[in-house]
Structure formats: structure tokens, C-alpha cells
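Participant:
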Amino acid sequence: MENEKESYNRLIENFPNINVAVIGDLVADEYVYGRQFKLSREAPVIVAKYENEEILPGGAGNIINNIVSLGAVAFPIGLVGNDQNGKSLLNYFAHRGIDTQGIFACNSRITITKTRFLVGDSHTTKRQVVRFDREPDTTMDNKTEQKVIDFIDNIEDKVDLWIISDYNYDIITPSITERIKELAKKKMVVADSRHRIKEFKGVTVITPNESEAEEATAMKIENQDHLYEVGAQLLREVNTKAVLITQGNQGMTLFTDDGRIEKVPAYGTNDVIDVTGAGDTVASVLSLSMASGATLVQAARLSNYGASVTVMKNGPATISKGELLKAINNHPSS
15 MENEKESYNR LIENFPNINV AVIGDLVADE YVYGRQFKLS REAPVIVAKY
65 ENEEILPGGA GNIINNIVSL GAVAFPIGLV GNDQNGKSLL NYFAHRGIDT
115 QGIFACNSRI TITKTRFLVG DSHTTKRQVV RFDREPDTTM DNKTEQKVID
165 FIDNIEDKVD LWIISDYNYD IITPSITERI KELAKKKMVV ADSRHRIKEF
215 KGVTVITPNE SEAEEATAMK IENQDHLYEV GAQLLREVNT KAVLITQGNQ
265 GMTLFTDDGR IEKVPAYGTN DVIDVTGAGD TVASVLSLSM ASGATLVQAA
315 RLSNYGASVT VMKNGPATIS KGELLKAINN HPSS
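To convert, note that position 89 of the sequence shown is 103 in the working numbering; the numbers rise steadily by one, no gaps.
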């Protein structure tokens with residue numbers, strides 16, 4: 015009989031056999047780096063010398079990156095503008111062998127872009143000083159929406175699981191939400207939604223953080239009893255098999271439809287570098303683990319190991335299959 019570590023290793027080794035569709039809001043995360051030079055004489059602000067810049071996939075794009083980094087096959091479904099940042103995202107995915115047929119470039123919208131300016135001395139960690147957001151001021155047109163639905167229909171048979179990454183922009187329309195609910199009757203669907211958790215009724219699992227769970231239930235989590243009330247309410251109202259509430263350095267709590275409540279303590283050091291993207295890693299590892307045959311508790315624990323790796327990296331980090339295996343095998347209690 016295999017022990018816990020052997021079981022986890024077997025599950026992870028199956029990740030490359032899984033096809034994952036990721037439906038969600040694609041974001042161009044633009045990073046502009048500079049070296050602190052002096053204080054401005056015009057205003058009480060830093061003057062920095064430009065060094066370099068890069069564009070990385072954010073939003074649903076970070077889940078896509080996690081899925082591929084973990085060895086699985088990703089089918090992205092989303093929108094970009096017919097602009098330079100949209101082309102940058104498409105090129106990024108294409109260069110990594112990711113199918114981009116489900117990413118639709120629209121002339122009537124811009125690519126969602128978050129531009130972060132990071133400044134620091136040569137031998138210190140650069141810190142974000144300001145962020146500019148550029149968002150579309152138009153919604154997805156009916157023609158593009160139908161293209162998205164048609165693409166979902168075309169790949170349905172080859173996809174093992176679906177991940178929803180909803181940042182409350184415009185890809186998840188009412189019609190597409192209804193299509194997702196239909197998918198959930200046949201396949202595993204994991205929903206990670208910033209503000210609309212309760213709209214995804216009938217999906218397999220939802221993965222809110224504490225603030226998202228509070229917003230969805232209009233309840234404040236101030237102690238364990240409140241947490242249990244919130245989890246029970248979400249289970250009931252979303253009609254899902256499980257709710258996994260992530261709690262930062264407090265770990266996460268899993269609520270299942272058979273009445274089980276499982277506290278998963280945070281693994282690793284408290285010296286967290288950056289929590290950006292940790293939720294994306296949780297959704298990715300949880301989904302792949304379940305699709306590989308893990309129980310809900312096993313999947314939650316594996317996703318916790320995954321998050322422990324990404325919070326030690328700067329920016330919207332991803333985790334590789336090797337890093338996940340190393341985290342598990344180095345943990346004495348696994």
C-alpha cells in the first residue's frame with residue numbers, strides 16, 4: 015500500500031495526461047523597471063532611470079502558465095485587443111507551444127493592461143511605486159461571444175477539466191455562464207471568481223479567498239465560527255461539491271458537500287515575498303490533482319504545497335511539476 019508521499023507523486027506524474035480549458039479574463043501584466051536616481055525638483059517624487067520592461071500574462075493568463083508549467087496541456091479561451099499588448103500575449107503563448115485558437119483579438123476593445131513601475135537600487139529588490147490600469151470601455155460584441163461559445167463546443171470532447179478565471183471584466187457573459195453550467199453536468203469545473211462566485215451554481219469547486227467569500231455572503235469572517243458559517247452558506251447557495259477558502263498565511267479551509275471541514279495549515283516559511291498569483295497556483299494544482307484522481311482533501315493539500323512555492327517568488331509566479339514534487343518530498347510529515 016502506497017504512503018502519502020507516494021500517492022502525491024503518482025498524482026503529479028499524471029498531470030501531463032490532462033487537457034485543461036481555461037476560460038477567463040486575460041491581462042497583460044506590464045512591468046517597467048528603473049534604478050532610483052534622485053528626488054525630483056518638480057514634485058516630492060523619485061526620479062528613476064529606465065532600465066527595461068516586460069509583459070507577462072496576468073489574470074487567467076497566469077493560470078494558463080501554471081497549467082503548462084505543471085506539465086498539462088492548456089486551451090486558453092479569452093479576449094485581447096487588436097493592439098501591441100494583445101499581440102505580445104499571443105506571441106508569449108505561441109512561443110511556449112500553447113494553442114491560441116481560443117484567444118480572440120477584437121478591434122473594438124483594448125487589451126486589459128496593468129502597468130507596474132518598479133524602482134530600486136542595483137543590488138536591492140525593486141519595489142512597486144505606482145500602477146496604471148487600462149481597461150476596455152466596451153463589452154464583448156455578440157459575434158465574438160458566439161465565436162467563444164462555438165470554440166467551447168468544438169473542444170468539449172477533448173477537455174478533461176475546465177477552470178474559470180473571472181476578474182469581472184467581460185468574457186464571462188450570462189450566455190457563457192449558462193454554457194459553463196452545462197459543462198459542469200458532464201465534466202469537472204473549478205471556478206475562481208473575484209466578485210461573482212454565486213453565479214457559478216453547480217460547478218465542482220469554488221476557490222475564493224476570505225475577502226471574496228465575505229463579499230459573496232455579506233458576512234464578516236472574524237473567527238472560526240464565522241468562517242464555518244460562510245463556508246456552509248457558499249456550499250448551499252452555489253450547490254457545489256466543495257468550497258476551498260484560502261486564508262493567506264493561515265492556510266486554507268476545505269468544506270465539502272458531505273459535511274466535512276478540513277483545515278489545511280500553511281506550509282513553509284512565514285517570510286513571504288509576494289502573494290501575487292498564489293490563488294492561481296491553488297486553482298491550478300487543485301484542478302489537476304482532482305482530474306488525476308485525488309480526493310478533495312488530497313487536492314487541497316497539494317494546492318497548499320504549490321502556493322508555498324509561488325509566494326516565495328516575485329510577481330505572478332508559477333510552479334513547475336519538479337518544484338511541486340520537491341516541496342512535497344522535502345516536507346517531513348508528507
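We treat Cβ as the ideally placed atom computed from N, Cα and C, and that holds for glycine. Nothing here was measured: the structure is a model prediction, and the numbers come from that model.
#1: By the DSSP assignment, the beta strand (DSSP E) with F214 in it spans what residues?
#2: Which of the three DSSP states, helix, strand or coil, is assigned to Y47?
#3: Would DSSP call Y64 helix, strand or coil?
#4: On the three-pair Cβ rule with 8 Å, is the region 306 to 315 touching the region 24 to 33?
#5: Rounded to whole angstroms, what's the CA-CA distance from I287 to V311? Just pull it up for me.
#6: In whole angstroms, what separates the C-alpha of E226 from that of A108?
#7: Per DSSP, S207 is paired with what?
#8: Per the DSSP calculation, L268 is bridged to which residue(s)?
#9: What did DSSP end up calling Q142 once you bin it into helix, strand or coil?
#10: What residue from T324, K212, A341 has the CA that sits closest to A1's CA?
#11: Output the distance between the C-alpha atoms of F214 and L93, rounded to the nearest integer angstrom.
#12: Report the three-state DSSP secondary structure of A351 (helix, strand or coil).
#13: On a CA-only basis, which of Y181, V41, V217 is nearest R193? Give me that one, please.
#14: Buried or exposed: which applies to R250, given that a residue is buried once 16 or more other Cβ atoms fall within 10 Å of its Cβ?
Facilitator: So, from the listed chains and residues:
#1: On the sequence shown, position 200 is the one that residue 214 refers to. Taken as a continuous stretch (DSSP letters only), F214 belongs to no beta strand (DSSP E), as it is neither H nor E.
#2: Residue numbering aside, residue 47 sits at position 33 when the sequence shown is read from its first letter. Here Y47 sits in strand by DSSP.
#3: Against the sequence shown, residue 64 aligns to sequence position 50. Strand at Y64.
#4: yes
#5: Numbered from its first residue, the sequence shown carries residue 287 at position 273. Numbered from its first residue, the sequence shown carries residue 311 at position 297. Because I287 carries a pLDDT of 45, less than 50, the predicted location of this residue cannot be relied on, and the following value inherits that uncertainty. Taking the straight line from one Cα to the other gives about 27 Å.
#6: Here residue 226 is taken as the residue at index 212 of the sequence shown, counted from 1. Here residue 108 is taken as the residue at index 94 of the sequence shown, counted from 1. Approximately 33 Å between the Cα atoms of the pair.
#7: Taking the sequence shown and counting its residues from 1, the one referred to as residue 207 is at position 193. D180, per the DSSP bridge assignment.
#8: Numbered from its first residue, the sequence shown carries residue 268 at position 254. Paired residues: L258, E276.
#9: Within the sequence shown, residue 142 is the residue found at index 128, counting from 1. Reduced to three states, the DSSP call for Q142 is strand.
#10: One cannot answer for residue 1 here, as it falls past the ends of the chain, which runs 15 to 348.
#11: Within the sequence shown, the letter at position 200 stands for residue 214. Within the sequence shown, the letter at position 79 stands for residue 93. The straight-line gap from Cα to Cα measures roughly 20 Å.
#12: The structure shown does not extend to residue 351, since the chain is modelled only from 15 to 348, so the question has no answer here.
#13: Locating residue 193 in the sequence shown gives position 179, where the first residue counts as 1. Among Y181, V41, V217, the Cα nearest to that of R193 belongs to V217.
#14: Against the sequence shown, residue 250 aligns to sequence position 236. Answer is exposed; the Cβ neighbour count stays below 16.
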